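In the numbering used here, the protein residues as written are 93 to 391. Backbone N, C-alpha and C define an ideal beta-carbon position, used for all residues, glycine too. Note that the coordinates shown come from a computational prediction; the quantities given were computed from them, not determined experimentally. For reference, the structure discussed in these notes is given below.
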């Protein structure tokens with residue numbers, strides 16, 4: 093197992109930016125595909141496909157997934173948290189707007205920063221780093237502020253589910269970093285999560301009364317292919333690799349770029365003007381990332 097690095101290098105930053113750019117684009121893809129395929133059904137197909145691709149990848153690379161290494165209990169917990177996160181996310185979307193849901197979901201890095209140092213002291217943030225985290229979150233909330241109108245009882249239910257989804261996302265990261273999962277391969281780490289989601293999400297889809305359609309348009313087929321191959325397989329595998337090699341609290345702040353990239357791609361998709369507010373929000377997130385990843389002054 094390669095030693096964990098204390099700071100992000102150019103490779104890590106490039107991978108993180110690539111993941112966040114695609115995840116932002118994927119949000120637009122999912123939304124555009126909703127006219128044909130409901131959200132949880134989309135996710136079910138995505139994770140089932142990713143599980144199959146991962147098994148093929150491991151067979152080709154000679155990665156052993158089913159060897160006893162003491163990670164099973166933590167792996168099942170991480171997989172369950174991952175599946176519950178998506179369940180809360182999609183159920184919450186039935187009650188609240190996408191903008192409100194996104195803001196509450198992206199409280200995840202705060203859960204990581206607050207809880208992870210209880211088990212891993214080296215992940216503790218300094219006050220300036222907390223300020224960077226708050227700056228990045230404020231930028232996302234500001235960019236999505238138009239989605240915050242009058243809220244009824246059902247809206248707050250959706251907001252609560254989104255907050256729980258963010259918490260479970262953060263807890264998944266904490267379990268990965270603070271348990272024996274920190275030493276397993278990226279492939280095995282991803283397998284725990286996509287395999288359990290493949291089992292759980294179809295049941296959630298049926299419980300929500302979603303209609304399963306097996307005849308796809310060329311656009312829907314392309315969307316599912318991208319969501320599966322690039323999203324649930326390649327980008328998540330890269331993310332798991334990063335979690336095993338770099339400081340998790342410094343990685344987590346990058347996810348604030350995802351909703352802003354989603355707004356950017358949404359504007360380009362609809363031929364809308366990219367607003368100065370969005371540009372300002374991207375700059376603020378970048379400042380937050382710099383603050384979180386800034387090395388402490390030498391004494």
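Assigned secondary structure, residue i (DSSP; H/G/I helix, E/B strand, else coil)
i, result
"residue 300", "coil"
"residue 163", "coil"
"residue 271", "coil"
"residue 361", "helix"
"residue 327", "helix"
"residue 391", "The predicted position of residue 391 is uncertain, since its pLDDT is 48 and thus under 50; no value can be drawn from it."
"residue 284", "helix"
"residue 154", "coil"
"residue 308", "coil"
"residue 128", "coil"
"residue 345", "helix"
"residue 251", "helix"
"residue 262", "helix"
"residue 277", "coil"
"residue 381", "helix"
"residue 100", "coil"
"residue 314", "helix"
"residue 294", "helix"
"residue 337", "coil"
"residue 350", "helix"
"residue 256", "helix"
"residue 135", "helix"
"residue 373", "helix"
"residue 367", "coil"
"residue 95", "coil"
"residue 386", "coil"
"residue 105", "helix"
Neighbourhood of residue i by C-beta distance below 7 Å, restricted to the same chain and skipping five residues each side
i, result
"residue 131", "122, 182, 185"
"residue 397", "Residue 397 lies beyond the range of the chain shown here (93 to 391); nothing can be said about it."
"residue 66", "Because the chain is modelled from 93 through 391, residue 66 falls outside the range shown and cannot be assessed."
"residue 333", "278"
"residue 107", "330, 334"
"residue 423", "Because residue 423 is not part of the residues shown, which for the chain are 93 to 391, the question remains open."
"residue 370", "235, 352, 355, 356"
"residue 146", "279, 282, 283, 286, 325"
"residue 118", "319, 323"
"residue 133", "297, 302, 304"
"residue 374", "352"
"residue 153", "none"
"residue 150", "157, 279"
"residue 173", "260, 263, 264, 267"
Own chain, CB closer than 6 Å to residue i, minus 5 neighbours either side, in chain order
i, result
"residue 329", "278, 282"
"residue 101", "none"
"residue 249", "187"
"residue 313", "none"
"residue 179", "296"
"residue 315", "121, 125"
"residue 116", "350, 353, 354, 357"
Beta-carbon proximity list for residue i, same chain, < 8 Å, skipping 5 on both sides
i, result
"residue 391", "Confidence in residue 391 is poor, its pLDDT being 48 and thus under 50, which makes the residue's placement too unreliable to answer from."
"residue 366", "356, 359, 360"
"residue 112", "346, 347, 349, 350, 353"
"residue 200", "258, 259, 261, 262, 265, 344, 347"
"residue 300", "130, 132, 182, 183, 186"
- [ ] Take every Cβ of the segment 293 to 309, pair it with every Cβ of the segment 360 to 374, and state whether three or more of those distances are shorter than 8 Å.
- [x] Verdict: no, contact absent.
- Query: Looking at C-beta atoms only, is the number of pairs between the segment 379 to 390 and the segment 212 to 230 that lie closer than 8 Å three or more?
  - Reply: Short answer: they touch.
message = With a threshold of 8 Å, are at least 3 pairs of Cβ atoms found where one atom belongs to the segment 158 to 170 and the other to the segment 260 to 280?
response = Verdict: yes, contact present.
### Message
Which runs of the alpha helix (DSSP H) at least 4 residues long sit entirely within the segment 166 to 197? Give them in chain order.
### Response
Within the segment 166 to 197, complete alpha helix (DSSP H) segments of at least 4 residues are found at 190 to 197, given in chain order.
**Item:** Three-pair Cβ contact test at 8 Å for the segment 317 to 335 versus the segment 133 to 150
**Value:** Look at the beta carbons and you see the segment 317 to 335 touching the segment 133 to 150: at least three pairs across the two are nearer than 8 Å.
Quiz item: At what residue ranges does the segment 200 to 247 contain a whole run of the alpha helix (DSSP H), taking only runs of 4 or more?
Solution: Fully enclosed alpha helix (DSSP H) runs of 4 or longer: 200 to 207, 219 to 235.
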